[in-house]
Amino acid sequence: MELANRVKSLTPSSTLAITAKAKELKSQGYDVIGLGAGEPDFNTPGYILKAAEYAMLKGFTKYTPSGGITELKQAIAAKFSRDNGLTYSSEEIIVTTGAKHALYSLFQVLLNKEDEVIVPAPYWVSYPEQIKLAEGKPIFINAMEENEFKITPDQLEAAITPKTKAVIINSPSNPTGMMYNHEELRKLGEICLKHDVLIVSDEIYEKLIYTNDKHVSMAEISDQLKDHTIIINGVSKSHSMTGWRIGYAAGSTEIIQPMTNLASHSTSNPTSIAQHAALAAYNTDEDPNADMREIFSKRLELLYELLTDIPGISLIKPKGAFYVFPNVWEAATQNGFNTVDDWVEALLEEEKVALVPGSGFGSPSNVRLSYAVSADSLKEAAKRIKRFVINHQ
Ligand code: PLP
1 MELANRVKSL TPSSTLAITA KAKELKSQGY DVIGLGAGEP DFNTPGYILK AAEYAMLKGF
61 TKYTPSGGIT ELKQAIAAKF SRDNGLTYSS EEIIVTTGAK HALYSLFQVL LNKEDEVIVP
121 APYWVSYPEQ IKLAEGKPIF INAMEENEFK ITPDQLEAAI TPKTKAVIIN SPSNPTGMMY
181 NHEELRKLGE ICLKHDVLIV SDEIYEKLIY TNDKHVSMAE ISDQLKDHTI IINGVSKSHS
241 MTGWRIGYAA GSTEIIQPMT NLASHSTSNP TSIAQHAALA AYNTDEDPNA DMREIFSKRL
301 ELLYELLTDI PGISLIKPKG AFYVFPNVWE AATQNGFNTV DDWVEALLEE EKVALVPGSG
361 FGSPSNVRLS YAVSADSLKE AAKRIKRFVI NHQ
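If you count the sequence shown from 1, position 155 lands on 155 in full-length UniProt numbering, and the numbers rise without skipping.
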């Protein structure tokens, strides 16, 4: 059957593909260490589970308003006020089926054919595909490794054309774990205001930071920038709730309202029970992130040390999220491979360690390793990678 053009060039998510391959090898009995995971390896906190159970028993099992229940929108507004010093009304917030769907519907609402969205590379794998699905055009800027994988104002300005609708800022970043500070965002924001470009600020890793750096949202910098920003966030990473599928977008009603209209004809609403669970996540004094942050922080230290000890691998120490993004080009070429993709494949075949090649993130010299696995697994993985690199020299 002839399928729609829009899906013909759609590539499956490379992170999910490597996870699937690792799982397949595991099911064949191999001792595989999968470092492809994009989700915390912690259970959803008990008080959130209880809230979901209560919601089910109380009959919150029916359709809800398309943009989410008012109580949850209010709790999200309170979170913005508490954590980011930002004021949003309920009408300026939409609750979505994960942050991924918030981004998907944003691009559907925003883009006409050939409209451009600037995507700093390395980027999260879904941005370009979602932009293309909305008939827009991703325009990539290479964020230099020397500049901690961050774009400069000059690079941004040079990429802007009359067709530019938006730029994506993802801080802390997947896959690099790097963050923009206040001054860097202010300068990028100035360029966006000058050229009337919307900022899509993906803040899903806001709560996973391991240095003293403070998370800054573009919308915090000035009222003008707040008007030019759509914030994307959710509970997936912050509260170990990836499977519950609750995310949200906040910004001008001019954009949020059509996103809500779109939801009314597509998803209808995010799952009612999950919305009540997310409500509990935000309506508490508990800091569910504290333990998780401490463990992630220790694992990052460990993995950073282990990887810097491997010949031909160099890396900048990330500040947040739960990924490292080392440059392995030297190791791969010294090992006789033409591409990092081939090196990654051989590593999986020989040593049964699954990494995600950087090519899927627009950075073909790098690989992404997730440290959402135990410290023992990280030690064993690093041992195997080192053995692989040395054996192939
Ligand atoms: N944005 C980034 C940068 C991500 O890494 C992810 C998940 O991997 C998402 C958005 C989507 O999160 P969710 O699980 O809430 O859809």
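For every residue, glycine included, the Cβ atom is placed at its ideal position computed from N, Cα and C.
Residue environment, residue i, which counts as buried when at least 16 other CB atoms sit within 10 Å
i, result
"Ala332", "buried"
"Ala102", "buried"
"Asp202", "buried"
"Ser268", "exposed"
"Pro270", "buried"
"Leu300", "buried"
"Ser171", "buried"
"Glu351", "buried"
"Val7", "exposed"
"Tyr30", "exposed"
"Gln28", "exposed"
"His182", "exposed"
"Leu303", "buried"
Beta-bridge pairing of residue i - partner residues as DSSP gives them
i, result
"Leu369", "Val324"
"Leu198", "Ala166"
"Tyr248", "Val95, Asn233"
"Phe140", "Val119"
"Val356", "Arg368"
"Gly34", "Ala354"
"Ile18", "In DSSP, Ile18 forms no bridge with anything."
"Ile209", "Gly320"
"Lys150", "Met144"
Where the alpha helix (DSSP H) through residue i begins and ends
i, result
"Ile313", "Run containing Ile313: none; DSSP gives neither H nor E here."
"Pro153", "153-159"
"Arg384", "375-391"
"Asn28", "The sequence shown places Gln at residue 28, rather than the Asn named in the question. Counting along the chain, Gln28 falls outside any alpha helix (DSSP H), and DSSP gives it neither H nor E."
"His276", "272-282"
"residue 395", "A query on residue 395 cannot be resolved here, the shown segment of the chain reaching from 1 to 393 and no further."
"Gly46", "46-57"
"Ser126", "126-133"
"Met259", "253-265"
"Asn5", "5-8"
"Glu71", "70-79"
"Thr333", "329-334"
Of the listed residues the options, nearest to residue i (C-alpha basis)
i, options, result
"Glu184", "Glu24, Ile151, Met144, Gln224", "Ile151"
"Ile169", "His265, Ser217, Asp291, Ile316", "Ser217"
"Gln334", "Ser359, Ile295, Asn391", "Asn391"
"Val353", "Pro12, Lys21, Leu16, His276", "Lys21"
"Ser359", "Val389, His239, Val328", "Val328"
"Leu106", "Leu348, Ser9, Leu262", "Leu262"
"Glu39", "Phe296, Glu380, Leu348", "Phe296"
"Ile141", "Glu135, Glu157, Leu133, Ile48", "Glu157"
"Glu294", "Glu91, Ala121, Tyr210, Asp342", "Tyr210"
"Lys137", "Ala17, Lys113, Pro122, Ala159", "Lys113"
"Thr229", "Gly243, Val235, Arg186", "Arg186"
"Glu190", "Pro172, Asp227, Glu206", "Asp227"
"Glu206", "Ala159, Phe322, Thr161, Leu306", "Phe322"
"Val109", "Thr70, Pro258, Val167, Ala280", "Pro258"
"Gly177", "Leu3, Thr11, Phe325, Ala4", "Phe325"
"Thr339", "Leu348, Ser365, Lys319, Glu349", "Ser365"
"Gln224", "Gly251, Arg245, Gly243", "Gly251"
"Leu49", "Lys132, Arg384, Ser240", "Ser240"
"Ala280", "Glu53, Ile131, Thr87", "Glu53"
"Phe388", "Glu135, Lys58, Phe337, Tyr123", "Phe337"
Contact test: residue i Cβ vs the ligand COA heavy atom, cutoff 7 Å
i, result
"Ser9", "Absence of the ligand COA from the depicted structure is noted, with the ligand PLP being the only ligands included."
Run of the beta strand (DSSP E) containing residue i, from where it starts to where it stops
i, result
"Ala121", "116-121"
Practice prompt. Quick one: residues with CB closer than 6 Å to any heavy atom of the ligand PLP, in chain order, please.
Written response: Gly38, Gly98, Ala99, Lys100, Trp124, Asn170, Asn174, Asp202, Ile204, Gly234, Ser236, Thr242, Gly247
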